[in-house]
Each structure stands twice: as structure tokens, then as C-alpha cells.
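At position 40 of the sequence shown (counting the first as 1) the number is 1067 in my numbering, and the numbers step up by one without a gap. Even glycine gets a Cβ: it sits at the ideal position worked out from N, Cα and C. If you're wondering where the values come from, they're calculated on a predicted model, not measured in any experiment.
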Amino acid sequence: MIVVMKMGATEEELRLVCKKAEELDFHPHVIYGKERNVVGLIGISGNKEGIGSLEELPGVDRIVPISKPYKLASREVKREASVVEVAGVKFGGEEIAIIAGPCSVESEAQMVKAAEQVKSAGAKMLRGGAFKPRTSPYAFQGLGEEGLKILAKAREATGLPIVTEVVNPKDIDLVYKYSDMFQVGARNIQNFALLSLLGQAQKPVLLKRGLATTIDEFLMATEYILSEGNRDVVLCERGIRTFETSTRNTLDISSIPVVKTKSHLPIIIDPSHAAGHVQYVPALSRAAIACGADGLIIEVHPDPENALCDGAQSLNPAQFVTLMNEMRAIARAVGRYI
Ligand code: PEP
Ligand code: MN
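In C-alpha cells:
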């Protein structure tokens, strides 16, 4: 259920609704809109029979049931698109934010070089994994805390905010200390304990869709973060597993308009893990911009041939410069900019 406040309802009236909702054993979540504010009533133990009494309170317009299983992520709760800000970089506005960098942090020299290269091409954020969830336990697993320290040095050198993956709930505090945004990888979308803990952290989250996650399941996973109080979630489509083997995954381009219809949250595209092969990355990136993506996260490595992870799908810096120029032109054509 949501309590829709009247236009012009005061902060005091809003606070009273929250107080009464708490008395009914709900967790009230205030969602501030441009025209009016709403209060989401969250919690399975809440007294549903008592909800009607909220309608009598000053400043309340009406009480509306939410038909979708996901609530705080839904368009029913918030009609206008949310803009999520990460250290000054905005996702969901007119600007399309590009995140770029290597799959994994390998060394300080590699990371600082990559950061400088992607920055000069126009990237707004830096990516790089210090904890790598690899299919094989024998593959390079990342540098751990040393990798996080290197990322912080690359930020210091370039000013680019950092997004990096947290794989294990026990590392949340550590990753918090060094990063600007948590990344939840495709394999962890069903790690609800991790998602709930990130919901309690005061830092934006980039949530990647799983290999076999429906869009409704994607939004339900998001709800684990939002319902704990963290509203700063950016969704990321990175390809889903289908019968097709020519690409590593199949980029579900339709997830962009579908997510935007169902949810107010921004969605970005990872063309690299979808394609798996560098030659397909530019076409998928251009399509994502044309289709309305709020950003992209692209793997770029100073020397892809010698990358420790995902070199085959990583652009080299020159290819990234070319792609940025192509994407800028498409962004302009759809009324946005990079
Ligand atoms: C990554 O971004 O490096 C990564 C491991 O992606 P995904 O979780 O989408 O496979
Ligand atoms: Mn990768």
C-alpha cells in the first residue's frame, strides 16, 4: 500500500503519517516526488486493517494498493524517473554516464594508465574488480584489499569515482572504505543476505542482472536493497544466458524499455559481458544508447592481449575513443548527451 499525500502537504503532515504507520507496525518509506510525496508502507507484520485510519490524517489524499510484488522500485510508487548520484556522477538524467576500465585490477601501473586513458576519452567513472567471482576456483581471483588500494590511487590520480564488486558480505566494510559504488555481480543477484546488508550501507549500488533472472526477479532483488533504506540503486543489464553461443550472453536490449516502464530506477548496459568478443561491443553499445540506457559500463584495458581477465572482450584505448565519439552522436539524436 502507498499513502499518497496531497499536493502542498507539509513536512509535519508527512511525519505524522510516518508516525501513525509505525504505530501500525509498518516501516514507512517516504518517496519524494516533484509534484507530491508518497509514503510506502512496508512490512509483513503491519496491521492492514488499521491502514484505513491513515486516510483521515491531514494532508493525505488517498491510499492506493500496489499491484506489483516489487513496491519501492515500481513506477506505481514513483512516477518520475529517479536520478542516482555517485560522487557527482548522475545516472538517470539527460546525461548518459559512461563507466570504463579493466575487468580486474592487476597492478598500479595498469590501473592508473587505464584510468587516465578512459578519462581522457570522456568516461565519468572507473571500473575494476579487486574481488573476482570466477567460474573456476583456479582462475585469478583478484588482488583483494591491495586491489582496492590501487583503485583508490587511480581515483586520486584522475578524480574518477570508482565502482568495484563486493562478492562476500564479510568484505562490505572494506569495499565501502575504498569505493564510491558497490557492484553486485550477476552471480550474486540471489544472495539476499548480501543485498540486505548493502541496503543498510550508505553508498550507491550497481546491481547486475543474473544470467537467468527475469526482469520481475531483477526488480524483486532490488527491493531487498531499497527496503533496507538505501534508495541509490542503478540496475545493469549484462546479457542473459540463451541457446545462442556466438556471443558470451545475449544482450536483452528490451530490458531497457521494460525496466523503464515498470520501475523509476535508472538502468545501464554492460555490452562487454554480453558480447564476450570485442568486435561486437561497439554495436551493442550504440544500440543501448539508442534504446534509452542511462549509462554503460565497458571493459577497456591498456593492453587487452595481456589482460589477466576478460581480455577478449576488452576494448583497447583507441577503440574506446572511437566508440565514445559514435555514442555521443547517437546520444544527441535521442535528445541526450555524453
Ligand atoms: C564484471 O563486471 O567484471 C563481472 C564479473 O560481471 P558479471 O557479474 O556481469 O558477470
Ligand atoms: Mn569482466
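Rounded to the nearest angstrom, the gap between the Cα atoms of G1212 and E1082 is 41 Å.
Contact between the region 1035-1042 and the region 1109-1117 is absent, with fewer than three C-beta pairs closer than 8 Å. Only buried fits N1276, as 16 or more other CB atoms lie within 10 angstroms of its CB. Partner residues in the beta bridge of L1262, as assigned by DSSP, are L1234, I1294.
Beta-bridge partners of S1101 (DSSP): S1290.
At the C-beta level, I1123 and R1363 come within 8 Å of one another. Around the beta carbon of S1134, a 10 Å sphere encloses fewer than 16 other beta carbons of the protein chains shown; the residue is thus reported as exposed. Residue side-chain check: C1130 places its Cβ nearer than 7 Å to a non-hydrogen atom of ligand 2.
When C-alpha distances from A1181 are compared across E1050, E1103, V1132, the shortest belongs to V1132. Looking at I1242, G1256, Q1306, the one whose alpha-carbon comes closest to that of P1284 is I1242. E1244 has its alpha-carbon roughly 30 Å from the corresponding atom of A1150.
Around the beta carbon of T1249, a 10 Å sphere encloses 16 or more other beta carbons of the protein chains shown; the residue is thus reported as buried. When the five nearest sequence neighbours on each side are left out, the beta carbons in the same chain lying within less than 6 Å of the beta carbon of L1233 are those of V1190, M1208, Q1210, V1261, C1263, in order along the chain. At least one heavy atom of ligand 1 falls within 7 Å of the beta-carbon of G1212.
The DSSP-derived three-state label of V1110 is coil. With respect to the C-alpha of E1076, the residue from V1057, F1053, Y1097, G1303 having the closest C-alpha is F1053. When C-beta atoms of the region 1184-1199 are compared with those of the region 1138-1154, three or more pairs fall below 8 Å, so the two segments count as touching. When secondary structure is reduced to three states using DSSP, R1042 falls in the helix class. Exclusion of the five residues before and after S1206 leaves I1189, T1191 as the residues of its chain whose Cβ lies within less than 6 Å of its Cβ. Taking the Cα positions, G1226 is about 32 Å away from V1308. In this structure, the CA atom of G1060 is about 20 Å from the CA atom of L1084. Under the 10 Å beta carbon count, R1268 is surrounded by fewer than 16 other beta carbons and is classified as exposed.
If you draw a straight line from the Cα of K1046 to the Cα of P1329, it is about 55 Å long. According to the DSSP assignment, Q1210 belongs to the beta strand (DSSP E) that extends over 1208-1211. For H1304 and N1343, the gap between their C-alpha atoms comes out near 13 Å.
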